[in-house]
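Participant:
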Amino acid sequence: MRLLADAGEDTSIWHQIFNFDNYGELLGLVQNSLIAGVLLGLVGGLAGVFVIMRDLPFAVHGISELSFAGASAALLLGVNIVAGSIAGSLLAAAAIGVLGVRARDRNSVIGIIMPFGLGLGVLFLSLYKGRAANKFGLLTGQIIAVDTPQMAWLVGTSVVVLVALAVVWKPLTFASVDPEVAEARGVPVRTLSLTFMLVLGLAVALCVQIVGALLVLALLVTPAAAAARITASPVLLPVLSVVFALCAMEGGILLALGSTIPISPYVTTLAFVIYLGCRLVEARRTQRAPRTALGSPGDPVRTHT
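In case it helps, numbering that gives the first Met the number 0 puts the sequence shown at residues 0 to 304.
1) Skipping 5 residues on each side, what residues in its chain have a beta carbon closer than 7 Å to that of residue 92?
2) Residue 50 to residue 219, Cα distance in whole Å?
3) For a test of the three-state rule: what should DSSP assign to residue 79, helix, strand or coil?
4) Measure the C-alpha to C-alpha separation of residue 89 and residue 117 and round it to an integer number of angstroms.
5) Reducing DSSP to helix, strand and coil, say where residue 128 ends up.
6) Which full runs of the alpha helix (DSSP H) of 4+ residues lie inside the stretch 190-230, going along the chain?
7) To the nearest angstrom, how far is the alpha carbon of residue 29 from that of residue 256?
8) How is residue 95 classed by DSSP in three states: helix, strand or coil?
9) Around the C-beta of residue 304, are 16 or more other C-beta atoms found within 10 angstroms, so that it is buried, or is it exposed?
10) With a threshold of 8 Å on Cβ separation, who are the neighbours of residue 35 within its own chain once the five nearest residues in sequence on each side are excluded?
11) When the Cβ atoms of the stretch 229-249 are set against those of the stretch 264-272, are three or more pairs found closer than 8 Å?
12) Which same chain residues end up closer than 7 Å to residue 251 when comparing Cβ atoms and leaving out the 5 residues on each side of it in sequence?
13) Anyone know if the C-beta pair for residue 165 and residue 42 falls short of 8 Å?
14) Would you kindly work out how many angstroms separate the C-alpha atoms of residue 127 and residue 174, rounded to a whole number?
15) So residue 230 packs on residue 216, CB below 8 Å; how close in whole Å?
16) Per DSSP, what kind of secondary structure is residue 234 in: helix, strand or coil?
17) Should residue 46 go down as buried or exposed, given a rule of 16 or more other Cβ atoms within 10 Å for buried?
18) Kindly indicate which residue of 162, 66 and 97 has the alpha-carbon position closest to the one of residue 138.
19) Might you give, ordered along the chain, the residues of its own chain that have their beta carbon closer than 8 Å to the beta carbon of residue 59, omitting 5 neighbours on each side?
20) Classify residue 47 as helix, strand or coil using the three-state DSSP reduction.
21) Report the rounded CA-to-CA distance for residue 77 versus residue 57, giving the unit in angstroms.
22) Output the distance between the C-alpha atoms of residue 79 and residue 111, rounded to the nearest integer angstrom.
23) Report the option in 224, 189, 39 and 259 whose CA atom is closest to the CA atom of residue 54.
24) Output the distance between the C-alpha atoms of residue 228 and residue 163, rounded to the nearest integer angstrom.
25) How many angstroms separate the CA atom of residue 191 from the CA atom of residue 206?
26) Can you grab the Cα-Cα spacing for the pair residue 168 / residue 129, in whole Å?
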């Protein structure tokens, strides 16, 4: 969202996308958004690791639709939007976790929840007679949407998500990699699955506040998917996922600061560029591996004296 407008401003497409006029003044107005971006980078990067490991990108999208419905209902009723978004996310996550124990059932449940949540959201927004920017922001994100009370909600929810992930990280990793062996060794696989779905619901609700309901996958899927392309290390994977999510989030905020374009296209584009870069690194490694194994014609010849 453009914070300062000028009657004689350049209206070219490039100027609308990238505009750094009065950038220093604008930067001081989005401190809360930058802090929120750090929190979302941490939450999205860490939760995204298990989203990829457990093949849950479709679930993220399904939860985001009901999160959107909850936020829309809160907007209509004039109550806290973050609370409404969290309530919708947790409801969807609980339904998916309880009803979708098997992958086939889970996909069916998500396919039912998604249009229902989107339909409710559209209904509530149609009944809302306030600013159009508030409606649009729930779908595509808002750069200056984070006020002080909302920031408190974001910080508190982020702490809950991060603490929960820290507690279940080791058993959840085991249950995600080999659920049958984990269950045989006494790991509560089903309980962990439901717990993670609820944690994921909170993470989705957080991300919806900044990037919007339609593009939440850019934070909860793309960074972790990119990291998984270049490493399988259980330590390096979450670290890279968080770094990629932070780069996409903070970079998107800084690029969108002076433009008339919502923040989400910047975040999604940066995340996609990072993913493409990781794919290229993976491709170069794959091409180099056979030559290394067989011996390249350019390799130096070693002799023994």
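In this text, a Cβ means the ideal position worked out from N, Cα and C, and glycines have one as well.
Bear in mind the structure is a predicted one, so any value in this text is a computation, not a measurement.
Facilitator: So, from the listed chains and residues:
1) Translated into the one-based positions of the sequence shown, residue 92 becomes position 93. Counting only Cβ-Cβ distances below 7 Å, and skipping sequence neighbours, we find 62, 196, 197, 199 and 200.
2) Translated into the one-based positions of the sequence shown, residue 50 becomes position 51. Translated into the one-based positions of the sequence shown, residue 219 becomes position 220. The straight-line gap from Cα to Cα measures roughly 7 Å.
3) Counting from 1 along the sequence shown, the entry for residue 79 is found at position 80. Correct three-state label for residue 79: coil.
4) The residue you call residue 89 lines up with position 90 of the sequence shown. The residue you call residue 117 lines up with position 118 of the sequence shown. Near 16 Å, if we compare the C-alpha coordinates of residue 117 and residue 89.
5) In the sequence shown, residue 128 corresponds to position 129, counting from 1. The answer is coil: DSSP assigns residue 128 none of H, G, I, E or B.
6) 216-219 and 221-229
7) Position 30 of the sequence shown, counting from 1, holds the residue named residue 29. Position 257 of the sequence shown, counting from 1, holds the residue named residue 256. Distance between the alpha carbons of residue 29 and residue 256 is about 8 Å.
8) Locating residue 95 in the sequence shown gives position 96, where the first residue counts as 1. Here residue 95 sits in helix by DSSP.
9) Indexing the sequence shown from 1 puts residue 304 at position 305. Confidence in residue 304 is poor, its pLDDT being 38 and thus under 50, which makes the residue's placement unreliable; the coordinate value appears in the next sentence. Its Cβ having fewer than 16 others within 10 Å, residue 304 is exposed.
10) As a first step, residue 35 is located in the sequence shown; it is residue number 36 there, counting from the start. The answer, listed in chain order, is 145, 150, 153, 208 and 209.
11) yes
12) Taking the first residue of the sequence shown as 1, we reach residue 251 at position 252. If we look at residue 251 and ignore the five residues flanking it on each side, its Cβ neighbours are 262, 265, 266 and 269.
13) Residue mapping note: residue 165 aligns to position 166 of the sequence shown, counting from 1. Residue mapping note: residue 42 aligns to position 43 of the sequence shown, counting from 1. Going by C-beta atoms, residue 165 is not nearer than 8 Å to residue 42.
14) Position 128 of the sequence shown, counted from the start, is the residue given in the question as residue 127. Position 175 of the sequence shown, counted from the start, is the residue given in the question as residue 174. Going from the Cα of residue 127 to the Cα of residue 174 covers about 44 Å.
15) Taking the sequence shown and counting its residues from 1, the one referred to as residue 230 is at position 231. Taking the sequence shown and counting its residues from 1, the one referred to as residue 216 is at position 217. With 8 Å as the limit, residue 230 and residue 216 do not qualify as a contact, their Cβ atoms being about 21 Å apart.
16) Start at 1 with the first residue of the sequence shown, and residue 234 comes out as number 235. Residue state, collapsed to three classes: coil.
17) Counted from its first residue, the sequence shown places residue 46 at position 47. It counts as buried.
18) The residue you call residue 138 lines up with position 139 of the sequence shown. Taking only the C-alpha atoms, the option nearest residue 138 is 66.
19) The residue labelled residue 59 in the question sits at position 60 within the sequence shown. 50, 199, 203, 215, 216, 219 and 220, listed in sequence order.
20) Your numbering for residue 47 matches position 48 in the sequence shown. Residue 47: helix per DSSP, three-state reduction.
21) Translated into positions along the sequence shown, residue 77 becomes position 78. Translated into positions along the sequence shown, residue 57 becomes position 58. Taking the straight line joining both Cα atoms gives about 30 Å.
22) Translated into positions along the sequence shown, residue 79 becomes position 80. Translated into positions along the sequence shown, residue 111 becomes position 112. Cα to Cα, residue 79 sits roughly 27 Å from residue 111.
23) Taking the first residue of the sequence shown as 1, we reach residue 54 at position 55. That would be 224, whose Cα lies nearest to the Cα of residue 54.
24) As a working mapping, residue 228 is identified with position 229 in the sequence shown. As a working mapping, residue 163 is identified with position 164 in the sequence shown. In a straight line, the C-alpha of residue 228 is about 26 Å away from that of residue 163.
25) Working through the sequence shown from its first residue, we reach residue 191 at position 192. Working through the sequence shown from its first residue, we reach residue 206 at position 207. Approximately 22 Å between the Cα atoms of the pair.
26) In the sequence shown, counting from the first residue as 1, residue 168 sits at position 169. In the sequence shown, counting from the first residue as 1, residue 129 sits at position 130. For residue 168 and residue 129, the distance between alpha carbons rounds to 42 Å.
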